[in-house]
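So the structure is just underneath, and the comments pick up after that.
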Amino acid sequence: MRVYPNALPLLAPELGDWFLFLIAGSLLFCLVNYVVGAVLFHRGTADKSGFKTPPLVPSVLPIWGHFSFRMIVDPRGWALSARNLFGNATPVRARFLANDVYIFQGTKNLHAFFRQRDLSSFNLHGFLLDRAFGLPAAAVRTYTKDDSGAYPKPYPESQVEPRNRLEYQLERSLHRFLLGPGLLPLTRRFQRAIAQRFYTLPIGGDWVPWDNLVTFFEQELAAPFLNSLCGDYLLRAHPDFLTNRWAFENNIWSMIAGLPRFLAPRAYRARDGALRALKDWHVWALQNFDPAMVDADGDDPVWGSKFFRERKTIFDTIDGFDLDAIATHDLAFIWGTTNNSIITSFWTAVETFSDSHLLAQVRQEAAACRIDDPTAGGPNQPPQFDMEKLQQQPVLQAIYAETLRLRISGYFVRHHSHGDIHIDGWRIPNNHLILTSPMHAHMDPAIWAAERPVDAFWPGRFLKPGDGGGGWEFTTERAQGAWIPYGGGYHACPGRHFAKMMIIFSTALLTTMYDCEILADPKDLEMSMRNFGFGMSGPKGKVPARLRRRVY
Ligand code: HEM
């Protein structure tokens, strides 16, 4: 047998050389990529001529771009630390795995972003309904085909029949309900229902332990809200509806990520249960509705509100909208109207009950707005408030505003598919995602940190000494353009007025009627990123508490 003693030593250095060469070459390539990118970026931001495309923020790896695994494991931490993407005075372009996204930040750019009427979230809504809510394929096709826009006049090139103008019809019906005449009767129903619900809780003068205060809000606040939205049949016939709704939300990302049923059985089970209940309600409502039940506001106890009754007749004319498609829309609506408002109310209660000084001020403000009718049962009834006055109370408003400043996470994502679009002198090519985020404005130390760190809860950011030396006045002086929990422009949250009332009212009611001791470990009170991206984040763990009824 022949032996080649030098074969290995000869080969090894060569391989090693190639390997080193490859690494050095890659590093050099990345460095050149970054330096060229940085030069082009600075030229782009300095260019003052005509319409410009926002420059690409330089990155080391060309296709990978700004993608980071931290975006998945710590999305809020990543977003707040990515100053190269979100800390620019001008709009910029970022690249994530070969996809370009345009980012608008800063008060001036945000204003322009929100004012641009042709930007829409309709595509994103269609995607979410399909992936997370299980919209049937025929209805997804109607979404995909609707290129007519959100306004009464369709885009000229659109061929969509008026009855299939889904985006426009949905927006119009939402706005009529939440920003128009539908709001007042809903508000009145809700105020009556929540006061009665809190009053009849099985809590007496002795401390009653509550395993998790989050579920208290998820059930005891969400139930009266839902009953005022869609009547009481849904929860009466399906008492597990709310449990399914929250279980679905807590697993929503597994569905958006496209996990099959066998890998996310809990999420699918919860969604199936919630959709089944909604379909049953629709069948029951169709069988039991009688036009004679409609009250002076146009609402009725079977559909709960004119909104759901009318929406059903709209959906019936749209291609692909069978009962399954309608139920997915109802679930999405109920999810969207409850996720932020209920969890924000939870946080305002936690913050208030955790600080005895703040609690005393809130109780004082609530007491100043009491209008109890002594002939209507004296102390044996829920407290009644002058709601206008209550919503103007400075400390209650400051707690509400500060909770939303501190705990909102996510992005406002928009899209446009009718050609390039111009926003305040910037050209965005057709069919790209354009986004901004409230997190950076809300956590900007230059705006908020004069007295306390931005990551501390401190309602004083929204208060100033009142005229005449006594008390406080609510102020949004610092917040100009930097407090945007509801978005802005035409697509801003249509439920914002209701949400403010709901959060302030629930805080006033609860603090007036009950004492509450929060017994949670501070670690469990940290914000969870389980459902990051959809606004208000809940706590990481259980929040045990104990409650007892007060004499008020
Ligand atoms: C603290 C509570 C709430 C927060 C922070 C919040 C925030 C938001 C945000 C950021 C959007 C998207 C805006 C955009 O894309 O620019 C939105 C949409 C929406 N919100 Fe709210 N919301 C809250 C409570 C409510 C309530 C109580 C209701 C109903 C009573 C409601 C109804 C809606 C609806 C229907 C949409 C979709 C609008 C559309 O499709 O055009 N929201 N909300």
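Counting from 1, position 92 in the sequence shown corresponds to residue 92 in UniProt numbering; the numbering is continuous, with no gaps. Just so it is clear, CB atoms sit at the ideal spot from N, CA and C, and this is done for glycine as well.
Buried versus exposed, by CB contacts within 10 Å (16 or more), residue i
{"i": "Leu-20", "result": "exposed"}
{"i": "Phe-133", "result": "buried"}
{"i": "His-357", "result": "exposed"}
{"i": "Lys-500", "result": "buried"}
{"i": "Pro-429", "result": "exposed"}
{"i": "Met-255", "result": "buried"}
{"i": "Val-3", "result": "For Val-3, the predicted model reports a pLDDT of 47, less than 50, meaning its position is unreliable and no value from the coordinates is stated."}
{"i": "Lys-464", "result": "exposed"}
{"i": "Ser-409", "result": "buried"}
{"i": "Asn-99", "result": "exposed"}
{"i": "Asp-17", "result": "exposed"}
{"i": "Leu-28", "result": "exposed"}
{"i": "Met-536", "result": "buried"}
{"i": "Ala-482", "result": "buried"}
{"i": "Leu-519", "result": "exposed"}
{"i": "Trp-64", "result": "exposed"}
{"i": "Ile-318", "result": "buried"}
{"i": "Glu-14", "result": "exposed"}
{"i": "Lys-306", "result": "buried"}
{"i": "Glu-388", "result": "exposed"}
Helix, strand or coil at residue i [DSSP, three-state]
{"i": "Glu-517", "result": "strand"}
{"i": "Val-350", "result": "helix"}
{"i": "Tyr-552", "result": "coil"}
{"i": "Thr-436", "result": "strand"}
{"i": "Phe-67", "result": "coil"}
{"i": "Pro-209", "result": "strand"}
{"i": "His-238", "result": "coil"}
{"i": "Lys-153", "result": "coil"}
{"i": "Leu-201", "result": "coil"}
{"i": "Trp-303", "result": "coil"}
{"i": "Met-293", "result": "helix"}
{"i": "Gly-336", "result": "helix"}
{"i": "Ala-499", "result": "helix"}
{"i": "Pro-485", "result": "coil"}
{"i": "Ala-399", "result": "According to the sequence provided, residue 399 is Ile. The question's Ala does not apply to it. Three-state result, Ile-399: helix."}
{"i": "Cys-30", "result": "helix"}
Endpoints, the alpha helix (DSSP H) within which residue i is located
{"i": "Asn-109", "result": "107 to 115"}
{"i": "Val-543", "result": "Val-543 -> no alpha helix (DSSP H), and no H or E assigned at all."}
{"i": "Leu-286", "result": "265 to 288"}
{"i": "Val-214", "result": "213 to 216"}
{"i": "Glu-310", "result": "306 to 315"}
{"i": "Glu-249", "result": "241 to 250"}
{"i": "Arg-70", "result": "70 to 73"}
{"i": "Phe-86", "result": "83 to 86"}
{"i": "Ser-173", "result": "166 to 178"}
{"i": "Asn-123", "result": "122 to 131"}
{"i": "Arg-452", "result": "It is not in any alpha helix (DSSP H) - Arg-452 carries neither H nor E in the DSSP assignment."}
{"i": "Gln-361", "result": "356 to 368"}
{"i": "Ala-257", "result": "First-last for Ala-257: undefined, no H or E at that position."}
{"i": "Val-140", "result": "137 to 145"}
{"i": "Phe-225", "result": "222 to 230"}
Start and end residues, beta strand (DSSP E) containing residue i
{"i": "Met-536", "result": "534 to 536"}
{"i": "Gly-410", "result": "408 to 410"}
Bridge partners - residue i, DSSP secondary structure assignment
{"i": "Asp-100", "result": "Arg-95"}
{"i": "Arg-427", "result": "His-422"}
{"i": "Phe-474", "result": "Leu-463"}
{"i": "Met-527", "result": "Pro-539"}
{"i": "Val-413", "result": "Leu-435"}
{"i": "Phe-385", "result": "Arg-370"}
{"i": "Leu-56", "result": "Arg-93"}
Cβ-based neighbour list, residue i, same chain, cut-off 7 Å, excluding 5 preceding and 5 following
{"i": "Gln-219", "result": "Leu-242"}
{"i": "residue 609", "result": "Since the first and last residues shown for the chain are 1 and 552, residue 609 lies out of range."}
{"i": "Pro-5", "result": "In this predicted model, Pro-5 has a pLDDT of only 48, less than 50, meaning its place in the structure is not dependable; the value taken from the coordinates is given anyway. Hits under 7 Å: none found."}
{"i": "Pro-445", "result": "Val-454"}
{"i": "Thr-512", "result": "Arg-363, Ala-366, Pro-383, Tyr-552"}
{"i": "Tyr-268", "result": "Arg-261"}
Other residues of its chain near residue i: CB distance less than 6 Å, five sequence neighbours each side excluded
{"i": "Pro-62", "result": "Asn-33"}
{"i": "Ala-401", "result": "Phe-462"}
{"i": "Leu-510", "result": "Ala-349"}
{"i": "Cys-30", "result": "Val-60"}
{"i": "Asp-355", "result": "none"}
{"i": "Ala-270", "result": "Asn-244, Ala-247, Phe-248"}
{"i": "Leu-525", "result": "Pro-539"}
{"i": "Leu-179", "result": "Pro-494"}
Residue i at chain D interface by Cβ criterion, 8 Å
{"i": "Arg-43", "result": "Judged by its chain identifiers, the structure shown contains no chain D, having just a single protein chain."}
Cβ-based neighbour list, residue i, same chain, cut-off 8 Å, excluding 5 preceding and 5 following
{"i": "Asn-531", "result": "Glu-249, Asn-250, Ile-252, Trp-253, Asn-339, Ser-537, Gly-538"}
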